[in-house]
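Trainee:
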Amino acid sequence: AKAVFWVTVLMLCALYICSVVLVRTIGKHDGSSPAEELLSDRFSNIPGAMLTLFQLMSQPNIMEYQILFQDYWLLCCFLIGFIIFGSFGMIALLTGVISESMFEKNHLRIEEERTEREL
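Just so you know, our numbering puts 89 at position 32 of the sequence shown, and the rest follows in order with no gaps.
1. Could you check which residue in GLU168, VAL154, LYS162 and GLU175 has the C-alpha nearest to that of LYS59?
2. Are the CB atoms of VAL150 and VAL64 nearer to each other than 8 Å?
3. If the criterion is Cβ atoms closer than 8 Å, does the pair ILE103 and VAL80 meet it?
4. Could you check whether MET68 and GLY138 sit closer than 8 Å to each other, using their CB atoms as the reference points?
5. If you draw a straight line from the alpha carbon of LEU176 to that of GLU170, how long is it in whole angstroms?
6. Mind pulling the alpha helix (DSSP H) runs of 4 or more residues that sit fully within the region 139-168?
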């Protein structure tokens, strides 16, 4: 349980730090173009940016951000990298939960067999 907890804390910290950076750098636009409207809608505050990044991490749909590709190419590189590493983090978290559950059940089964042999 400790490992899963710490991986979750690490993922939340990464989400928070990336959200703060994105809100501070690209979140404040007047919405004069469709690209700026999308940026101010998704990255204007930290909870909204965290939700957007979590959605990209868990279910990547980069086509919504297609209008940003030419004007904000550095943001697109960041989002693609975030999707790749975030997806690996989610897979690691899920794998940790499953394997920890299997180890715990196996340990309980071994303890149960040992008690049966002792009787």
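We put the CB at the ideal spot given by N, CA and C, even for glycine.
Mentor: Well, looking at it:
1. Closest by alpha carbon: VAL154.
2. Sequence check: residue 150 is Leu here, not Val. In contact: LEU150 and VAL64 (Cβ atoms closer than 8 Å).
3. The Cβ atoms of ILE103 and VAL80 sit closer than 8 Å to each other.
4. GLY138 places its beta carbon 8 Å or farther from that of MET68.
5. Rounded to whole angstroms, LEU176 to GLU170 spans 10 Å at the Cα level.
6. None, since the region 139-168 contains no complete alpha helix (DSSP H) of that length.
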